[in-house]
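Trainee: In our numbering, the protein residues as written are 1253 to 1587.
Ideal placement from N, C-alpha and C gives every residue a C-beta, glycine not left out.
(1) Is residue 1573 helix, strand or coil when you go by DSSP?
(2) Looking at residue 1378: is its Cβ nearer than 9 Å to the Cβ of residue 1403?
(3) How is residue 1337 classed by DSSP in three states: helix, strand or coil?
(4) With DSSP as the reference, label residue 1354 as helix, strand or coil.
(5) Residue 1548 and residue 1509: beta carbons closer than 9 Å?
(6) Taking contact to mean at least 3 C-beta pairs separated by less than 8 Å, is the segment 1510-1527 in contact with the segment 1482-1496?
(7) Does the beta-carbon of residue 1580 have 16 or more other beta-carbons within 10 angstroms, so that it is buried, or is it exposed?
(8) Have a look at the DSSP bridge pairing and note the partners of residue 1435.
(9) What residue from 1448, 1450, 1375, 1424 has the CA that sits closest to residue 1442's CA?
(10) For the beta strand (DSSP E) containing residue 1401, list its first residue and its last residue.
(11) Just mark residue 1299 as buried or exposed, buried being the case when its beta carbon has 16 or more other beta carbons within 10 Å.
(12) Which of the three DSSP states is assigned to residue 1585 in this structure?
(13) Consult DSSP for residue 1281 and reduce its assignment to one of helix, strand or coil.
(14) Is residue 1267 helix, strand or coil by DSSP?
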């Protein structure tokens, strides 16, 4: 199996045993498969392709499911893919990813790969399997700008790449930069994750106005984690694990309650009026909730049957406040 291989459709549907909701399983091959990280799109805007990573070849490679036929097309065949860096373009033309020490994109129709940036020798991700170590990247809604965190020794660099020209600019250097996301309505504004004790930051695309927007309650050992922008607003919605979610307005500084259940990896629709999240401790399946009413009462969508690896989540406060944590939490075990 190699680049350009087209596998026949594997999709099947079944009813959730508890809610009756129709669930679609995309792949059946007995290997690891996953979509991009929870707050990133898996589809292009027209939903022609579903972007995923598959290990069916023996290593992680970029695939798309062609929605018209259900066929699974292999886009890459390389030994150095950073599998959580994958981001499909909104116009459906490319899938962006980092591999080794470079930033790349592959054309979905022609399979041509293009290197947009070379960051020098060595790996560009931090050590580990969670947070900044995942190497997630973000593409602006207009597909014009790609933001890539690059780790070099003890320094994390925030690199902005102009996709039309490949021009690169380092807009920030600091200790750690994780899980960046362009604002869905403003390609000049990004959020990113700093260290656990000062997590939520925003920065302009030109590197200006870099600032911490939420100061956690240290006495309560708050664990602020898993953020996403709310479209149509200047609010970042974030989990305060395991106590629910809060909203933080990055302009006014206002903080509000969003929900009170253990929303783990919460994502929002493009209208900004409906969220879905997996759950843990306890696992209550995928839950739908309203992010605007101040209550966010959960409504079961379906069960997940996931193994949800990561015992450090079984806590009522931030475990890193208690000292170093030996984290084992492979992301593919999460819904």
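Mentor: For this structure:
(1) helix
(2) yes
(3) helix
(4) strand
(5) yes
(6) yes
(7) exposed
(8) 1438
(9) 1424
(10) 1397-1404
(11) exposed
(12) helix
(13) coil
(14) strand
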